[in-house]
Amino acid sequence: MSENKVVTRFAPSPTGFMHVGGVRTALYAWLWAKKNGGQFILRIEDTDKVREVGGSIEHIQKSLKWLGLNWDQGPDVGGLSAYIQKFLKWFGLNRSYIQSERLKLYKKYAKILIEKGFAYADPYTEEEIEKWRLKAETENKPFLYRDHRPENPPKWDGTMPLRFKTGELKRTVWNDVVWGELSAGPEALDDFILIKSDGYPTYNFAHIIDDIEMGVTHVMRGQEFISSTPKFLSLYEALGVTPPLFATTPPIMGPDGKKKLSKRDGAKDILEYKREGYLPEAMINYLAFLGFNPGGEKEVYTPEELISVFDLNKIQRSGAQWNDIKLNWFNKEHIKQLIPEKYLEIGMNWVPKEYILKNGVEKTKRDLMLIRDNIVKFSDIINIFKNKKTINVIKILNNFSTKIDSFSKLSSEEKYSYLVKNNNENQEFTFTEDSFSKLSSEDEFSYLFSDPSYLFEMLIWKDLKNSPDKFLKTLEYLEKVFNLLGSVDEKDWTYESLKNVVWNYAGEEGRGNVLWPTRVALSGKEKSPDPFKLAETLGKATTQKRISKVIELLRKLIGTVNNTSNTNTKTVIN
Numbered sequence: 194m195s196e197n198k199v200v201t202r203f204a205p206s207p208t209g210f211m212h213v214g215g216v217r218t219a220l221y222a223w224l225w226a227k228k229n230g231g232q233f234i235l236r237i238e239d240t241d242k243v244r245e246v247g248g249s250i251e252h253i254q255k256s257l258k259w260l261g262l263n264w265d266q267g268p269d270v271g272g273l274s275a276y277i278q279k280f281l282k283w284f285g286l287n288r289s290y291i292q293s294e295r296l297k298l299y300k301k302y303a304k305i306l307i308e309k310g311f312a313y314a315d316p317y318t319e320e321e322i323e324k325w326r327l328k329a330e331t332e333n334k335p336f337l338y339r340d341h342r343p344e345n346p347p348k349w350d351g352t353m354p355l356r357f358k359t360g361e362l363k364r365t366v367w368n369d370v371v372w373g374e375l376s377a378g379p380e381a382l383d384d385f386i387l388i389k390s391d392g393y394p395t396y397n398f399a400h401i402i403d404d405i406e407m408g409v410t411h412v413m414r415g416q417e418f419i420s421s422t423p424k425f426l427s428l429y430e431a432l433g434v435t436p437p438l439f440a441t442t443p444p445i446m447g448p449d450g451k452k453k454l455s456k457r458d459g460a461k462d463i464l465e466y467k468r469e470g471y472l473p474e475a476m477i478n479y480l481a482f483l484g485f486n487p488g489g490e491k492e493v494y495t496p497e498e499l500i501s502v503f504d505l506n507k508i509q510r511s512g513a514q515w516n517d518i519k520l521n522w523f524n525k526e527h528i529k530q531l532i533p534e535k536y537l538e539i540g541m542n543w544v545p546k547e548y549i550l551k552n553g554v555e556k557t558k559r560d561l562m563l564i565r566d567n568i569v570k571f572s573d574i575i576n577i578f579k580n581k582k583t584i585n586v587i588k589i590l591n592n593f594s595t596k597i598d599s600f601s602k603l604s605s606e607e608k609y610s611y612l613v614k615n616n617n618e619n620q621e622f623t624f625t626e627d628s629f630s631k632l633s634s635e636d637e638f639s640y641l642f643s644d645p646s647y648l649f650e651m652l653i654w655k656d657l658k659n660s661p662d663k664f665l666k667t668l669e670y671l672e673k674v675f676n677l678l679g680s681v682d683e684k685d686w687t688y689e690s691l692k693n694v695v696w697n698y699a700g701e702e703g704r705g706n707v708l709w710p711t712r713v714a715l716s717g718k719e720k721s722p723d724p725f726k727l728a729e730t731l732g733k734a735t736t737q738k739r740i741s742k743v744i745e746l747l748r749k750l751i752g753t754v755n756n757t758s759n760t761n762t763k764t765v766i767n
């Protein structure tokens with residue numbers, strides 16, 4: 194292990210999916226290397242050919258490059274010319290960063306272990322091993338291969354698995370940068386496979402050899418590797434090598450905080466966030482704070498600022514809960530920090546081409562600046578510029594040249610009415626086109642541009658607050674409204690038509706009971722225009738989508754409430 198230079202690595206398997214947990218491991222390794230003027234290595238662990246997915250190495254590289262996590266050494270960076278690499282590879286001395294191209298190296302270390310008496314050929318069949326495993330299970334004992342170690346193993350010829358021969362059975366004690374002192378009893382030590390019968394090394398063997406050869410000083414890893422650490426350390430000891438420092442990161446939990454984030458919980462490949470219009474700086478900021486906190490109230494950091502404050506000793510032990518709302522907040526904040534030129538450079542790529550052709554580049558840029566503070570991610574631009582009602586609001590705003598203070602004193606209803614009416618009818622109220630977002634300090638009209646978030650309790654009309662069936666009743670009202678509005682043809686989607694189709698039903702059930710949750714479903718706000726004005730402006734598709742989403746959320750809530758009495762109805766949902 195190098196005493197002078199910090200060397201970290203990210204060593205993913207090319208299985209096709211870049212989970213955010215793996216990306217965060219890479220981020221922490223990158224931050225620590227950069228903070229200490231060290232080296233960050235990208236290494237590909239492709240010895241499990243069964244699980245390998247074609248194109249994954251390129252996908253991994255593309256993912257890291259998008260985030261700006263550039264490596265100092267890796268499959269395409271190593272400091273040696275391609276000609277010299279090819280020459281060394283021919284002699285089995287290559288500096289490759291792909292495990293399947295380093296097989297001769299692993300065999301070299303395997304022979305060292307055999308010569309030192311720490312490895313032997315495994316002569317048993319899988320059926321024999323499985324029989325012993327089942328017997329141990331029947332006897333309620335842990336299965337340990339060392340209990341069946343052959344007395345006179347055959348000479349290893351590469352056709353049989355090669356196993357590590359555990360030395361002294363003792364308690365293993367080690368220090369983890371995050372967890373402090375950890376230990377495990379002798380039962381954690383066993384004879385594990387080093388090289389499989391197909392000639393490929395196991396992870397337990399190959400990653401240690403690679404870390405030794407590459408001078409890795411710090412290993413960032415997940416908690417699932419703690420139980421295997423005694424085996425790793427016994428291998429380091431057998432080779433006479435000082436192990437690197439381990440920094441075990443907390444798991445990233447799903448939105449409910451009860452289990453690790455998985456695809457079933459909505460986990461996405463990291464590049465999916467790029468396709469949705471998230472900024473890489475925002476993703477880095479968010480991922481860094483999933484398990485790390487530098488202290489203080491500041492939350493928005495640039496990558497350079499994160500490098501400066503990052504500290505392994507401030508990595509937390511408890512699981513970090515994934516929260517899309519928080520990710521969206523980070524992204525919106527980073528969008529605000531972009532200089533206008535950079536914002537326009539990115540934003541123009543998201544504007545539908547037909548809009549640019551119709552309105553011209555300069556006017557499109559003005560419109561982009563107008564909606565800047567109302568977008569959460571850049572993909573919102575597509576919906577904004579395709580929504581004719583929203584574009585009408587933008588056109589009105591673009592015609593304004595000055596602002597007077599009285600506008601900010603208007604009620605939400607009055608502001609909204611003003612925005613959607615013809616400008617000629619409202620000459621007494623004018624303001625600059627870039628002041629729209631400043632008119633309300635809490636994005637008063639954000640629902641015009643993107644889907645809102647909700648508080649369950651906000652959906653309930655005041656007269657129902659104390660009713661034990663308040664959520665069930667509200668669900669029934671919204672289901673009825675959804676069906677009634679669905680009967681209105683899109684060409685007839687006007688304020689009068691929408692009011693006519695719902696008004697009688699609202700009168701029968703109580704107008705507040707029906708209209709309040711409908712309005713909140715469309716705006717996510719306690720104060721906003723009446724639901725018919727909102728629905729007319731949003732259009733049929735968006736109106737029905739938002740009501741349908743709230744219906745689905747209420748159904749889930751009612752199911753949860755029926756199973757537990759501790760549901761927090763003040764939780765934000767989106």
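Converting from the sequence shown to the working numbering requires adding 193 to each position, the first position being numbered 1. Don't be surprised by glycine CBs; every beta carbon is placed ideally from N, CA and C. None of the values given here were measured: they were computed from a predicted structure.
DSSP-derived helix/strand/coil call for residue i
| i | result |
| --- | --- |
| residue 333 | coil |
| residue 565 | helix |
| residue 362 | coil |
| residue 460 | coil |
| residue 311 | coil |
| residue 698 | helix |
| residue 440 | strand |
| residue 482 | coil |
| residue 670 | helix |
| residue 413 | strand |
| residue 236 | coil |
| residue 752 | helix |
| residue 385 | coil |
| residue 267 | strand |
| residue 202 | strand |
Residue i and residue j closer than 9 Å at C-beta
| i | j | result |
| --- | --- | --- |
| residue 423 | residue 381 | yes |
| residue 483 | residue 211 | no |
| residue 567 | residue 575 | no |
| residue 237 | residue 200 | no |
| residue 673 | residue 713 | no |
| residue 513 | residue 445 | yes |
| residue 656 | residue 703 | yes |
| residue 486 | residue 519 | no |
| residue 359 | residue 383 | yes |
| residue 481 | residue 221 | yes |
Burial state of residue i (16 or more Cβ within 10 Å)
| i | result |
| --- | --- |
| residue 232 | buried |
| residue 573 | buried |
| residue 565 | buried |
| residue 560 | buried |
| residue 135 | The requested residue 135 does not occur in the structure, where the chain is confined to residues 194 to 767. |
| residue 315 | buried |
| residue 495 | exposed |
| residue 204 | buried |
| residue 390 | exposed |
| residue 474 | buried |
Which residues DSSP lists as bridging residue i, in chain order
| i | result |
| --- | --- |
| residue 368 | 374 |
| residue 453 | 446 |
| residue 513 | 445 |
| residue 211 | Paired residues: none, contrary to the question. |
| residue 523 | Note: residue 523 sits in no beta bridge, so no partner. |
| residue 394 | 388 |
| residue 402 | Answer is none; residue 402 lacks a bridge partner. |
Pairwise C-alpha distance: residue j and residue i
| i | j | result |
| --- | --- | --- |
| residue 729 | residue 447 | 37 Å |
| residue 726 | residue 694 | 14 Å |
| residue 408 | residue 531 | 39 Å |
| residue 214 | residue 723 | 43 Å |
| residue 686 | residue 252 | 45 Å |
| residue 527 | residue 569 | 10 Å |
| residue 743 | residue 737 | 10 Å |
| residue 243 | residue 249 | 13 Å |
| residue 425 | residue 261 | 31 Å |
| residue 138 | residue 717 | For the chain, the structure presents residues 194 to 767; residue 138 sits outside this window and is missing. |
| residue 540 | residue 503 | 31 Å |
| residue 144 | residue 466 | A query on residue 144 cannot be resolved here, the shown segment of the chain reaching from 194 to 767 and no further. |
| residue 734 | residue 689 | 18 Å |
| residue 476 | residue 335 | 43 Å |
| residue 198 | residue 370 | 17 Å |
| residue 773 | residue 551 | Past the edges of the chain, shown from 194 to 767, lies residue 773, and the structure says nothing about it. |
| residue 554 | residue 479 | 33 Å |
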